[in-house]
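Under our numbering, the letters of the sequence shown match residues 60 to 184, in that order. Where is the CB? At the ideal position from N, CA and C, for every residue including glycine. Please read all numbers here as calculations on a predicted model, not as lab measurements. Take a look at the structure set out below.
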Amino acid sequence: MNPSYSPPMMKSAMPASVLSALLISLSAALMSSSAHAQSGEVVGNADAGRKKVSMCVGCHQIPGYKASFPSVYPVPLIVGQSGKYIESALAAYKKGDRSHPTMRSIAGSLSAQDMADLAALYGSK
Ligand code: HEC
């Protein structure tokens, strides 16, 4: 399609919509972390994940949509993989056990709660 397409995160100027989406996801993250505070265990929430997925869809397919994005990199399909697998893959990028530079920097910015929420959204139940 458009050969000059680059993922949204690569652009330097952040449109206001992205900024407000980030603010919404931040407050959602704060709310969900207090909701789970009593259990002491990280429980993924697909609705919370929906608000964090904007930083993934530039490369990985949007969960719930069949249409594919113009592909820029050879990116693995993560929709429908097991949630546990997705969560542990993200943790491995963050820890450095997996070395892909882009995924490492992305996973490095995610909390355990973010990973669980994204795994709940992308993963099969
Ligand atoms: C800039 C493009 C890009 C973005 C943005 C991106 N990814 Fe990735 N992702 C990749 C690539 C490329 C790989 C394959 C890396 C490798 O070979 O280790 C990958 C691998 C993965 C894997 C491992 C898949 C497998 O089969 O082992 C998971 C899980 C994953 N990404 C989740 C995410 C999530 C969740 C987000 C958003 C927070 C995200 N990615 C954002 C490009 C991206």
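Query raised in the report: Roughly how many whole angstroms lie between the Cα atoms of Ser170 and Ala107?
Result: Distance from the CA atom of Ser170 to the CA atom of Ala107, rounded to whole angstroms, is 13 Å.
Query - Rounded straight-line distance, which links the Cα of Ala175 to that of Glu57 - result: Missing from the structure shown is residue 57; the chain here goes from 60 to 184 and no further.
Requested in this report: Could you have a look at Ser164 and say whether DSSP puts it in helix, strand or coil?
Outcome: Three-state DSSP puts Ser164 in a helix.
Query raised in the report: Beta carbon of Gly103, beta carbon of Leu149: below 9 Å?
Result: Against a cut-off of 9 Å, the Cβ pair of Leu149 and Gly103 comes out as no contact.
Query raised in the report: Under three-state DSSP, which class holds Ser158?
Result: Coil.
Requested in this report: Pull up the distance between the alpha-carbon of Ser164 and that of Arg157, whole angstroms please.
Outcome: Distance between the alpha carbons of Ser164 and Arg157 is about 11 Å.
Query raised in the report: In chain order, what residues of the same chain lie with their CB nearer than 7 Å to the CB of Tyr152, ignoring the 5 residues before and after it?
Result: Scanning its chain for C-beta atoms nearer than 7 Å, with the 5 sequence neighbours on each side dropped, one finds around Tyr152 the residues His159, Met162, Arg163 and Ala166, in chain order.
Query - Closest by C-alpha distance to Gly139, when choosing among Gln120, Gly155, Lys154 and Ser168 - result: Measuring from the Cα of Gly139, the nearest candidate turns out to be Gln120.
Report task. Can you say whether Leu180 is buried or exposed, counting buried as having 16 or more other CB atoms within 10 angstroms of its CB? Result -> Its Cβ being crowded by 16 or more others within 10 Å, Leu180 is buried.
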